[in-house]
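The structure under discussion appears below in the form of structure tokens.
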Amino acid sequence: MAIVRNGKKSAKRTEKAQELDLIIESLSHEAHGVARHESKVVFVPSALPGEQVHVRLQKQQRHFSQGQLMRIDQASEHRVEPSCPHFSRCGACQLQHLATEQQLPHKQDNLHQQLTRQLKITDIPWQAPITSDGLGYRRRARLGVRYRKQQDEIIIGFREEANKHLAAIDTCPVLEPTLNALIVPMQVCLSQLQAKAVITQMELIASDQGSVVVLRHIKAIQKDDRLLLTSFAQQHACHLYLQGDDTLECVYPETETALSYQVSGFDLEFQVKDFIQGNAKVNQAMVDLAGQWLDLKPNETLLDLFAGIGNFSIPLASKVKSLLAVEGVGPMVQRIEHNAKRHNISNISAMALNLADEELLFRLPKADAILLDPPRTGAATLMPWLCKQKSRILYIACEPSSLVRDAKPLLEAGFRIEKITVMDMFPQTKHVESMALFVRD
Ligand SMILES: C[S@@+](CC[C@H](N)C(=O)[O-])C[C@H]1O[C@@H](n2cnc3c(N)ncnc32)[C@H](O)[C@@H]1O
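Under the numbering used here, think of the first position of the sequence shown as 19, with each following residue one higher.
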């Protein structure tokens, strides 16, 4: 129940009647504090549950308002000093002011609320969550780069939460330390280019072969600038790629070497445009748990949908008779086949298929177990086909609302959730990944 400090009618207001004292009830899925005032929800960014806060109302909509946090009168015992100096301006993390161990319970609670409200299920079989180190975990990040002509300076950073402008950073503590260490030297290097405004984005990836930097450019890069970039890559022992509108070029090392990461003792080769999971430790725990929950048998078949480069397929193949990996991006399908071949795995086949095209789904075979790991938008088109299956279905979700929406037809078709958990793939951020096992009785 929302509490307005001085009671509903006597809520303290400024002369403009736009300031309120509120108590924060919960956190929204955007990681904003949620309070209530005169039966309207008030979202307060940066406020935490249990806090007494003084708020200035900003946006006022019919059913909710947005409040700016002006003062914290009583702070939550779980409020901590953000470990990043850029937290207040940078849009990438939303939860650094909440103790790391308190973040996941809030994320689980959020998913719980959505499941109970929208699916009307009460007994949710929550399992132990997959946790993560709070900092230094992120092995891939895309940062914006901008040249400020007036100041003659290059800034690198994430987009600011509020206005989508680039917030300049010189450190990002959630990045793997080897990646974080590249931000300032790269800023210095880009400042020395003749064509400073040409680079608009920098992607950082940690691979087993070392750090990878992918620079997105909007015009051709001339010889002198290339030399500077190559010497940067040499000096920092990183792989450097230049990405144009339709081009991707490895600038250093001179002979491009394959990149890979480890999962379950397999090294999986990937290329820089391929999807890879952002947190290596959580990825490993997730793949292990997927294998346990699916409880695969040697005479069974497994369908791995939205398979990427085989992150689940390669580790799980030895548990089944045969496995079909389905992925929409053709080159990644080739990577699955290549990774299987390198590891002498002969029971995997891979298929390129657009799983959002319902007319193509007849090509999917039946299987004893199905694992699906769709993008944020979920797998709505696939649901009618999945509902007709008898398989055990493991759904990996990077967006809770997509999981809840897609779970509805499965439950209506006679599946039930046997197990569900949350995974802290991205601590300090609002993002929550989850995994649910659906079975028929
Ligand atoms: C969240 S990633 C998961 C990848 C992989 N399971 C992993 O763990 O690395 C989603 C994958 O779905 C693929 N994808 C997205 N839309 C698709 C579609 N319509 N049809 C098939 N695959 C699609 C993407 O290319 C990406 O590889």
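Built from N, CA and C at the ideal position, the CB exists for glycine as well.
Closest residue to Arg-458 among Arg-394, Asp-386, Gly-396, Phe-444 (Cα-Cα distance): Asp-386
Option in Leu-320, Asp-391, Gly-328 with minimal Cα separation from Arg-360: Gly-328
Contact set for Phe-250: own chain, Cβ-Cβ below 6 Å, skip 5 residues either direction: Cys-207
C-alpha gap between Arg-461 and Pro-123, whole angstroms: This structure cannot settle anything about residue 461, because the visible part of the chain is limited to 19 through 459.
Local conformation of Glu-417 per DSSP, three classes: coil
Beta-bridge partners of Met-443, as assigned by DSSP: In the DSSP output, where bridge partners are listed per residue, Met-443 has none listed.
Any non-hydrogen atom of ligand 1 within 7 Å of Gly-326 CB: yes
In DSSP terms, what Ile-388 is bridged to: Leu-321, Ile-411
Cys-190: first and last residue of the uninterrupted beta strand (DSSP E) it sits in: Segment: none, Cys-190 is in no beta strand (DSSP E) and carries neither H nor E.
Gly-309 - DSSP class collapsed to helix/strand/coil: helix
Expected contact under 8 Å - CB spacing of Val-344 and Leu-323 to nearest Å: 5 Å
Check whether Ile-388 and Ile-411 have beta carbons under 8 Å apart: yes
Residue nearest to Gly-68 in terms of C-alpha spacing, selected from Gly-109, Gly-51, Lys-58, Lys-125: Gly-51
Near ligand 1: Ile-354 beta-carbon under 7 Å from a heavy atom: no
Cβ-based burial, Pro-445 [other Cβ within 10 Å; buried from 16]: buried
Distance, Thr-399 Cα to Ala-374 Cα: 5 Å
Option in Asp-442, Lys-448, Thr-447, Asp-391 with minimal Cα separation from Leu-421: Asp-391
Closer than 7 Å: Ala-308 CB and nearest ligand 1 heavy atom: no
As assigned by DSSP and simplified to three states, the class of Ala-20: With a pLDDT of 36 at Ala-20, under the threshold of 50, the predicted position of this residue should be treated as unreliable, though the coordinate-derived value follows. Residue state, collapsed to three classes: coil.
For Leu-40, the three-state DSSP class (helix, strand or coil): strand
Run of the beta strand (DSSP E) containing Val-206, from where it starts to where it stops: Taken as a continuous stretch (DSSP letters only), Val-206 belongs to no beta strand (DSSP E), being part of the alpha helix (DSSP H) at 201-209.
CA nearest to the CA of Thr-319, picked from Lys-337, Pro-333, Leu-307, Gln-252: Lys-337
Simplified DSSP state of Phe-284, which is helix, strand or coil: strand
Sequence-distant residues of the same chain with beta carbon closer than 8 Å to Thr-395, five excluded per side: Glu-417, Ser-420
Given 8 Å, three or more beta-carbon pairs between the stretch 428-446 and the stretch 142-154: yes
Ligand 1 heavy atom lying under 7 Å from the CB of Gln-407: no
Which residues DSSP lists as bridging Asn-362, in chain order: Its beta-bridge partners do not exist; DSSP assigns none.
Close beta carbons around Met-350, own chain, < 7 Å, minus the five adjacent residues each side: Asp-292, Gly-326, Ile-327
Neighbourhood of Val-98 by C-beta distance below 6 Å, restricted to the same chain and skipping five residues each side: Ala-117
Nearest-angstrom Cβ-Cβ length linking Asp-91 and Gln-70, presumed shorter than 8 Å: 4 Å
Simplified DSSP assignment, three categories, for Ala-93: coil
Heavy atom of ligand 1 within 7 Å of Glu-345 beta-carbon: yes
Identity of the residue in Leu-129, Ile-187, Ser-209 nearest Ile-201 by Cα: Ile-187
Check whether Ala-454 and Ile-435 have beta carbons under 8 Å apart: yes
Beta-carbon proximity check, Ser-367 vs Leu-342, cutoff 8 Å: yes
Bridge partners - Leu-260, DSSP secondary structure assignment: Leu-233, Glu-267
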